[in-house]
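In what follows, a single structure is set out as structure tokens and then discussed.
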Amino acid sequence: TETTTTTTETTTTTTETTTTTTETTTTTTETTTTTTETTTTTTETTTTTTETTTTTTETTTTTTETTTTTTETTTTTT
34 TETTTTTTET TTTTTETTTT TTETTTTTTE TTTTTTETTT TTTETTTTTT
84 ETTTTTTETT TTTTETTTTT TETTTTTT
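To convert, take the position in the sequence shown, counting from 1, and add 33; that gives this note's numbering.
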């Protein structure tokens with residue numbers, strides 16, 4: 034009696050795990066603030082005061098007094 038038992042067991046387990054994680058976060062914050070304030074105040078005051086006072090007093094007094102007295106006496110005696 035010959036008994037030959039051949040058992041061949043082949044177990045092949047291949048586990049391949051490829052994990053690729055690419056995370057890109059780009060945050061760009063640009064703030065430009067331009068404030069231009071111009072205040073111009075011009076105050077011009079011109080005051081011209083001209084006061085002219087002219088007083089002219091002219092007094093002319095002319096007094097002419099003429100007194101003529103004529104006395105004529107004629108006497109005729111005849």
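Cβ atoms here follow ideal geometry from the backbone N, Cα and C, with glycine treated the same way.
Note that this is a predicted model, so its numbers are computed, not measured.
Suppose you measure from the CA of residue i to the CA of residue j; what does that come to, to the nearest Å?
i           : j           : result
residue 65  : residue 53  : 39 Å
residue 110 : residue 93  : 54 Å
residue 100 : residue 106 : 19 Å
residue 38  : residue 46  : 26 Å
residue 75  : residue 88  : 42 Å
residue 102 : residue 95  : 22 Å
residue 50  : residue 36  : 45 Å
residue 55  : residue 67  : 39 Å
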